[in-house]
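**Q** Structure in structure tokens, see below.
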Amino acid sequence: MDIDFVKKSFYDGFSLNRKRGIKVKKDFKVFVADIDGTLAAKGEMLMPHTKTALEKLHEQGVLIGVATGRPLDSRVLAKPGEWELSFDFDFAIGMNGGDLWEKGSDEIEHFYLLERTVVKEILEMLSEFDINAIVYEKGYDQIACLRMDPFMVESQARNRSNVEVGDIERLSRYDTGKIEVHCSGKEKERILAKIAKHQSGKWAIMQTFAIEDAFTIEFLDPRINKGMGLEKFAQRNQIPLEEIIAFGDMENDIPLLEKAGWGVCLANGSSQTKEKADAVTDYTVDEDGLGRYLEAHIL
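Have a look at this one:
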């Protein structure tokens, strides 16, 4: 078994208008990109070409934003300073579309939270497996998880998070934007088979990370995706979606690429995302792929 049922229930609802072979326009008003694996390798600084390209876009008056699966908090909004950019983000989309922030606002909006009864239902469904489940209660400031594994130890140290370890009852105490589930690669087939048998209109799932011995899936309200968050931002600011260029690498970026006027997948991206994108970069994120693409086709 593979993740076809996941794609049919989530990814395949998004079908880009194929534009390959058409020369990309250069006068976009908005730039938006996923962070990890797209703008930069996870936890890393911007590569030189990418940093320079973003500065040039900003100088040209292009609005700069990010769209991440991370919960929005000060850590995401402080990225421009961490990356030594000369400007702040104009907007940010978090929780795969469930969070939205715009420059000048002190508030982060939250959309379509998973109800705590649904959180409990999902965790009970997966209770037979050797997983770690994580819920973000106040961004990275307050996190609850089933156990402290190496990932959580590293994440806590990097984000200076308050992490509380608990059982299913503890993790389902509050409504939440998403449930992040880390799984062993050895159990992937069994876990996906169990999820396939218990599909529900109350939630959708997406795979956000995968290597041979580990993978990550996320459960969220089926109305939530990065494209929804981008559309809300565009409508409020009266910006045609055709005036937006977007970059991503994984399946959770497909709705973002679909909504934007031009959607680009990084060379290190998943096969599903490359298939849906309007273009694919020649270089990976570790090879400064995003910046090199902007220099070659936009700037």
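Quick note: the sequence shown uses the working numbering, first residue -15, plus one each step. Each residue gets a CB set at the ideal place from its N, CA and C atoms; glycine is no exception.
So, is K(-8) buried or exposed, given that buried needs 16 or more other C-beta atoms within 10 angstroms?
**A** Because the pLDDT of K(-8) is 43, which lies under 50, any placement of that residue in the model is unreliable, and the number read from its coordinates should be weighed accordingly. The residue is exposed, with fewer than 16 neighbouring Cβ atoms inside 10 Å.
**Q** In whole angstroms, what separates the C-alpha of K308 from that of P206?
**A** Not covered by the structure: residue 308. The range shown for the chain is -15 to 283.
**Q** Is the number of C-beta pairs between the region 214 to 229 and the region 178 to 198 that are closer than 8 Å three or more?
**A** Taking 8 Å as the limit for Cβ pairs, the verdict is that the region 178 to 198 does not touch the region 214 to 229.
**Q** Going by the beta-carbon positions, is the gap between E235 and S255 smaller than 7 Å?
**A** It is not a contact, given that the beta carbons lie outside the stated cut-off.
**Q** Sort P134, A25, L41 and Q183 by Cα distance to M109 and report the nearest one.
**A** Comparing Cα positions, the closest option is Q183.
**Q** Are at least three pairs of beta-carbons, each pair with one atom in the region 150 to 157 and one in the region 193 to 207, less than 8 Å apart?
**A** No, because fewer than three Cβ pairs between the region 150 to 157 and the region 193 to 207 fall closer than 8 Å, the two stretches do not touch.
**Q** Do you know offhand how far K162's Cα is from V119's?
**A** Each residue's alpha carbon lies about 7 Å from the other.
**Q** Tell me, please, which residues DSSP counts as bridged to T291.
**A** Only positions -15 to 283 of the chain appear in this structure, which leaves residue 291 out of reach.
**Q** By DSSP, does L214 sit in helix, in strand, or in coil?
**A** In this structure, L214 counts as helix in the three-state DSSP scheme.
**Q** Identify which residue in E148, N143 and K122 has its Cα closest to the Cα of M132.
**A** Checking every option, the nearest Cα to that of M132 belongs to E148.
**Q** To the nearest angstrom, how far is the alpha carbon of G88 from that of D57?
**A** Taking the straight line joining both Cα atoms gives about 15 Å.
**Q** For A230, which beta-bridge partners are listed by DSSP?
**A** DSSP output for A230 lists V16 and G247 as bridge partner(s).
**Q** Of all the options G81, G169, I238 and S145, which has the alpha carbon lying nearest to the alpha carbon of K216?
**A** Checked all of G81, G169, I238 and S145; the closest Cα to K216 is G81.
**Q** In the DSSP assignment, find the unbroken beta strand (DSSP E) run with E173 in it and report its ends.
**A** Run containing E173: none in the beta strand (DSSP E); it sits in the alpha helix (DSSP H), K172 to K181.
**Q** Can you list, in chain order, the residues of its chain with a C-beta nearer than 7 Å to that of Y277? Leave out the 5 residues immediately preceding and following it.
**A** Answer for Y277: V248 and T265, listed in chain order.
**Q** In terms of alpha-carbon separation, which member of K186, I238 and F15 lies closest to T101?
**A** Among K186, I238 and F15, the Cα nearest to that of T101 belongs to K186.
**Q** Is M31 near D272, with beta carbons less than 7 Å apart?
**A** In this structure, D272 lies closer than 7 Å to M31 by Cβ.
**Q** Can you give the Cα-Cα distance for V269 and H33, rounded to whole angstroms?
**A** Rounded to the nearest angstrom, the two C-alpha atoms are 11 Å apart.
**Q** DSSP puts V149 in a beta bridge; with which residues?
**A** Paired residue(s): C129.
**Q** Going by beta carbon distance, what residues of the same chain come within less than 6 Å of T192, once the five residues before and after it are set aside?
**A** Closer than 6 Å at Cβ, skipping near neighbours: G53, T200, E202, M234 and N236.
**Q** Cα separation between L41 and P55?
**A** C-alpha separation (whole angstroms): 26 Å.
**Q** Identify which residue in L23, E68, F12 and K26 has its Cα closest to the Cα of Q44.
**A** Minimum Cα distance to Q44 is reached at F12.
**Q** With DSSP as the reference, identify every bridge partner of N236, one or two as the case may be.
**A** Answer is none; N236 lacks a bridge partner.
**Q** Hey, quick one: how far does the beta strand (DSSP E) through E28 stretch, first residue to last?
**A** Looking at the DSSP string, E28 is not in any beta strand (DSSP E), and its letter there is neither H nor E.
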